[in-house]
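Residue numbers (this note's numbering): 63 to 155.
Note that the Cβ used here is the ideal one computed from N, Cα and C, for glycine as well.
Computed from a predicted model, the values in this text were never measured in an experiment.
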């Protein structure tokens with residue numbers, strides 16, 4: 063599965079793929095992720111194309127073929143984070 067992450071401690075946005083329990087970085091970029099405020103993290107998949115945007119600004123746009131086909135959607139947070147989710151949605155255009 064893929065993981066898109068906005069990290070307020072390190073001020074970056076990253077994209078990973080996870081296979082057999084091992085997370086591998088595909089790309090990460092420096093990005094302002096202030097703490098204690100709401101953010102919008104948007105991830106779009108179209109074939110092999112993946113786009114990751116934070117608060118309306120695109121940070122990652124690439125093609126990747128580690129994982130093919132449609133799948134499931136989920137949410138993840140690390141144990142050292144205080145995180146809340148609101149208005150979670152998914153679907154096709």
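Alpha-carbon to alpha-carbon, residue j and residue i
i           : j           : result
residue 129 : residue 97  : 31 Å
residue 111 : residue 150 : 21 Å
residue 95  : residue 131 : 31 Å
residue 83  : residue 142 : 20 Å
residue 139 : residue 133 : 20 Å
residue 144 : residue 90  : 21 Å
residue 81  : residue 109 : 19 Å
residue 116 : residue 127 : 23 Å
residue 69  : residue 102 : 13 Å
residue 154 : residue 147 : 21 Å
With 16 other Cβ atoms within 10 Å as the buried cut-off, status of residue i
i           : result
residue 67  : buried
residue 135 : exposed
residue 114 : buried
Per DSSP, cross-strand counterpart(s) of residue i
i           : result
residue 91  : 75
residue 115 : 104 and 120
residue 86  : 79
Unbroken beta strand (DSSP E) run spanning residue i, endpoints
i           : result
residue 107 : 103 to 108
residue 121 : 119 to 125
residue 65  : 64 to 69
Can we say the stretch 104 to 124 touches the stretch 64 to 80, given the rule of at least three CB pairs closer than 8 Å? yes
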